[in-house]
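Undergrad: Please see the structure below; I have some questions.
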Amino acid sequence: MLTLILRELPRIFTNPMTLTRQDVEKIAHLARLSITADEMPVYVTSLSSIINFVDELSKVPTQDVQPMAHPLEGQRQRLRADVVSESDARDKYQGNAPAVQAGLYVVPRVIE
Amino acid sequence: MTMLHTLSISELSARLARKELSSVELTRFFLSRIERLSPALNALITVTAEQALQGAQAADRRRAAGENGPLLGIPLIHKDIFCTDGVRTSCGSRMLDNFIAPYDATVVARLKAAGAVMLAKANMDEFAMGSSNETSYYGPVKNPWNTAKVPGGSSGGSAAATAARLTPFATGTDTGGSIRQPAALTGVTGVKPTYGRVSRYGMIAFASSLDQAGVFARSAADAAMVLQVMAGFDPKDSTSVETPVPDYSATLDEPLKGLKIGLLREFFDGLEPHNAALIQDALKVYRALGATTQEVSLPHLPLSVPTYYVVAPAECSSNLSRFDGVRFGHRCEAPKDLMDLYKRSRGEGFGAEVKRRIMTGTYVLSAGYFDAYYLKAQKVRRLITDDFRAAFGQVDLLIGPTTPTPAFDIGAKIDDPVTMYLNDIYTIGANLAGLPGLSLPCGFVDELPMGLQLIGPHFSEAKLLNAAHRFQTATDWHRHTPRGYE
């Protein structure tokens, strides 16, 4: 199977799907990730190579195939009775918070 | 006393039952082994010595009061992906370096209720993303068989600790092979149950339709005892299944006469000669045990790696969006505004592989690309799953190698993501289809362990453990210990 995939790799790279720096900047913004100028070229290269690799899927015939979201076919989302089952543990959970005031999480001003 | 690390879980349990040994003595023994041997492997992130001794004392008290469960007083190590109340849970990441979990994962709670004693939290690839345990914020884990080599990943610390006999067993998780692959590279037995068999509550999520908790042990018999406690319905996990849990230990010794084993043609294409020879030897053992073998083909299986590397990053980009520097985890210094808070906290908190996968996921889910990538991958996932279903119409279990090669050098593959991804070539299919898989030691290549993989239909863990155990009564690969850890 390894040979099968390795045989395919040259074909993928003769028609490379390359992402541009602008593409990666846009993706990083959507993902709320800061990427420094130094790091950017490495991410452009590696993301291009990954997208190139997964492009193999575009050649697979899938008309009339239902997408599969997870392996549990037929499982329904379970519901439970609308009764209180947890107790207030806010102080315990806020023990991990970077900044807390009066039981609220403190963040930079959002509303002008 | 000095040989306690060579005993199986049932042998340790018997000694505890006969009061030849207390859990405190046993725990102290493993803690001292950890102190001596773990640093050279970098297998552990947090050693919980004080809590371990308290847990051991509690187990001894329970035993004195008349309890006698199979895991009562037995030490264990948890992969640092499981939330452990009051104990740092880092997920191998700077993002959670300061995170003290405020609750126990269900897996942790069940093992604690059974009286098992937590020694430590194991090192792992960051957020479970990796196949070599080289992406951890806490540094790479070394393979005890050869410390210049990787132990595999992402559960590299759990695997290395089990192989080095620092613990009778360890928990792990497997999303694309992260239990089976490191088990193969470190010469131990690793089990990934059926998706939905073990609760994911409190297990930090990577890819929610693929993640599953499992176990590392030095034999299928030991693994069966642990899986018995871990498995079962949990109302706190929406994807937990109500299928009853059989007695895994009761059927370990069933004869294999009539067992139909399928050799995956796609697994054998291009297999290295040494690897192929080990698998052929293993098949001879199975035939001698009464099983029959036949070739089966899963024509879409070669697509499993590209399928996974669309689905898993997509799911991870969603799951890791909760790490935003607001309520927990790393926060950058002096954020200018909310956007800066998010971007720098996440940019600083996550390592390169995690950022790569988040961005891959973001791309394949983004407007204009969703149909071409994510939806497409979900369709191919169904084709792969259907191939497995068809195969299980002809055979009871599938067999093949767990990895293409034995352990590779630390640093050899970390710079090229696609080369690294191909290490999961034999394991990923089972995750996509939600099937149970097991890796057991089957020999050595260049003095490094190799693993045999068994894959079964949904909820066939008992059959997998039975087939693995029978192999382990006819061979002794699983009894080999790395030099220096005997």
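Same order as they appear, the protein sequences are chains A and B.
FYI, in my numbering the residues of the first sequence are 226 to 337.
FYI, in my numbering the residues of the second sequence are 14 to 499.
Glycine included, each C-beta is placed from N, C-alpha and C at the ideal position.
Whose C-alpha, out of Thr415/B, Asn436/B, Lys32/B, is nearest the C-alpha of Gly203/B?
TA: Residue numbering aside, residue 203/B sits at position 190 when the second sequence is read from its first letter. Gly203/B has its Cα closest to that of Thr415/B, out of Thr415/B, Asn436/B, Lys32/B.
Undergrad: Does the pairing of the stretch 393-405 of chain B with the stretch 356-368 of chain B give three or more beta-carbon distances under 8 Å?
TA: Contact fails: fewer than three Cβ-Cβ distances are below 8 Å.
Undergrad: For Thr207/B, does the count of other Cβ atoms within 10 angstroms reach 16, so buried, or fall short, so exposed?
TA: Position 194 of the second sequence, counted from the start, is the residue given in the question as residue 207/B. Its Cβ being crowded by 16 or more others within 10 Å, Thr207/B is buried.
Undergrad: Check for me: the alpha helix (DSSP H) holding Pro430/B runs from which residue to which?
TA: Walking along the second sequence from the start, residue 430/B turns up at place 417. Counting along the chain, the alpha helix (DSSP H) containing Pro430/B begins and ends at 430-434.
Undergrad: For Met108/B, go through chain A and note every residue whose CB falls closer than 9 Å to its CB, in chain order.
TA: Taking the second sequence and counting its residues from 1, one reaches residue 108/B at position 95. The premise fails here: Met108/B is roughly 12 Å from chain A at the closest Cβ pair, so nothing lies under 9 Å.
Undergrad: Within the same chain, show all residues whose beta-carbon is closer than 6 Å to that of Phe42/B, passing over the 5 residues directly before and after it, in chain order.
TA: As a working mapping, residue 42/B is identified with position 29 in the second sequence. Cβ neighbours of Phe42/B beyond the five flanking positions: Leu17.
Undergrad: Taking the straight line between their C-alpha atoms, what separation do you get for Pro470/B and Phe95/B?
TA: On the second sequence, position 457 is the one that residue 470/B refers to. On the second sequence, position 82 is the one that residue 95/B refers to. Approximately 27 Å between the Cα atoms of the pair.
Undergrad: Report the three-state DSSP secondary structure of Glu308/B (helix, strand or coil).
TA: The residue given as residue 308/B occupies position 295 in the second sequence. DSSP places Glu308/B in strand when its eight states are reduced to three.
Undergrad: Using beta carbons (cut-off 8 Å, strictly below), is Arg257/A in contact with chain B?
TA: Translated into positions along the first sequence, residue 257/A becomes position 32. For Arg257/A, the answer is yes, since a Cβ of chain B falls inside 8 Å of its Cβ.
Undergrad: Measure the Cβ-Cβ separation of Lys334/B and Ile397/B and say whether it is below 8 Å.
TA: Residue mapping note: residue 334/B aligns to position 321 of the second sequence, counting from 1. Residue mapping note: residue 397/B aligns to position 384 of the second sequence, counting from 1. Note on identity: in this sequence residue 334/B is Ser, with Lys being the wrong assignment. No, they are not a contact pair.
Undergrad: Can you check whether the CB of Leu255/A is closer than 8 Å to the CB of Ser379/B?
TA: Along the second sequence, read from residue 1 onward, the residue named residue 379/B stands at position 366. Along the first sequence, read from residue 1 onward, the residue named residue 255/A stands at position 30. It is a contact, given that the beta carbons lie within the stated cut-off.
Undergrad: Residues of chain B with a CB under 8 Å from the CB of Arg303/A: which are they?
TA: Numbered from 1 along the first sequence, position 78 holds the residue referred to as residue 303/A. By Cβ distance, chain B contributes Pro248, Ser251.
Undergrad: For the stretch 320-329 of chain B against the stretch 208-222 of chain B, do three or more pairs of beta-carbon atoms, one drawn from each stretch, fall closer than 8 Å, so that the two count as touching?
TA: Enough Cβ pairs lie closer than 8 Å, so yes.
Undergrad: Determine, for Asp187/B, whether the minimum Cβ-Cβ distance to residues of chain A falls below 8 Å.
TA: As a first step, residue 187/B must be located in the second sequence, where it is residue number 174. So, not an interface residue.
Undergrad: Kindly identify the DSSP beta-bridge partner or partners of Phe457/B.
TA: Here residue 457/B refers to the residue found at position 444 of the second sequence. According to DSSP, which records beta bridges pairwise, Phe457/B is partnered with Pro462/B.
Undergrad: Counting along the chain, where does the alpha helix (DSSP H) carrying Gly360/B start and finish?
TA: Position 347 of the second sequence, counting from 1, holds the residue named residue 360/B. From DSSP, the alpha helix (DSSP H) with Gly360/B extends over 351-362.
Undergrad: Which whole-angstrom value describes the C-beta separation of Pro323/A and Leu351/B, a residue pair presumed to lie in contact below a C-beta threshold of 8 Å?
TA: Start at 1 with the first residue of the first sequence, and residue 323/A comes out as number 98. Start at 1 with the first residue of the second sequence, and residue 351/B comes out as number 338. With 8 Å as the limit, Pro323/A and Leu351/B do not qualify as a contact, their Cβ atoms being about 14 Å apart.
Undergrad: Alpha carbon to alpha carbon, how far is Ser232/B from Arg213/B?
TA: As a first step, residue 232/B is located in the second sequence; it is residue number 219 there, counting from the start. As a first step, residue 213/B is located in the second sequence; it is residue number 200 there, counting from the start. Cα to Cα, Ser232/B sits roughly 24 Å from Arg213/B.
Undergrad: Would you report the Cα separation of Asp316/A and Val339/B, rounded to the nearest angstrom?
TA: As a first step, residue 316/A is located in the first sequence; it is residue number 91 there, counting from the start. As a first step, residue 339/B is located in the second sequence; it is residue number 326 there, counting from the start. Answer to the nearest angstrom: the Cα atoms are 15 Å apart.
Undergrad: Just the C-alpha distance for Met433/B and Thr270/A, rounded to the nearest angstrom, thanks.
TA: Residue mapping note: residue 433/B aligns to position 420 of the second sequence, counting from 1. Residue mapping note: residue 270/A aligns to position 45 of the first sequence, counting from 1. If you take the alpha carbons of Met433/B and Thr270/A, they lie about 15 Å apart.
Undergrad: Tell me whether the beta-carbon of Arg123/B lies closer than 8 Å to the beta-carbon of Met238/B.
TA: The count along the second sequence starts at 1 and reaches residue 123/B at position 110. The count along the second sequence starts at 1 and reaches residue 238/B at position 225. Not a contact, by the Cβ cut-off of 8 Å.
Undergrad: Can you name the start and end residues of the alpha helix (DSSP H) that Thr40/B belongs to?
TA: Taking the first residue of the second sequence as 1, we reach residue 40/B at position 27. Its alpha helix (DSSP H) spans residues 36-54.
Undergrad: Of all the options Ala53/B, Thr119/B, Cys104/B, which has the alpha carbon lying nearest to the alpha carbon of Phe112/B?
TA: Here residue 112/B corresponds to residue number 99 of the second sequence, with the count starting at 1. Closest by alpha carbon: Cys104/B.
Undergrad: For Val130/B, tell me which candidate among Leu89/B, Asp489/B, Asp138/B has the shortest Cα-Cα distance.
TA: Reading the second sequence from its first residue, position 117 is the one you call residue 130/B. For Val130/B, the nearest C-alpha among the options comes from Leu89/B.
Undergrad: Output, in sequence order along the chain, the residues in the stretch 272-284 of chain B whose CB is closer than 7 Å to any CB in chain A.
TA: Answer in chain order: Glu279, Phe280, Asp282, Gly283.
Undergrad: May I have the straight-line CA-CA distance separating Ser8/B from Leu291/B, to the nearest angstrom?
TA: Shown here, chain B extends from 14 to 499; a query on residue 8/B therefore has no answer.
Undergrad: Looking only at its chain, what residues have a beta carbon closer than 6 Å to the beta carbon of Glu308/B, apart from the 5 residues adjacent to it on each side?
TA: Here residue 308/B is taken as the residue at index 295 of the second sequence, counted from 1. Leu276, Arg278, listed in sequence order.
Undergrad: Going by Cα to Cα distance, which pick from His491/B, Asp459/B, Ile192/B, Cys455/B is closest to Gly413/B?
TA: In the second sequence, counting from the first residue as 1, residue 413/B sits at position 400. Closest by alpha carbon: Cys455/B.
Undergrad: Would you say Thr287/A lies against chain B (beta-carbon separation less than 8 Å)?
TA: Within the first sequence, numbered from 1, the residue matching residue 287/A stands at position 62. Answer yes: the Cβ-Cβ gap between Thr287/A and chain B drops below 8 Å somewhere.
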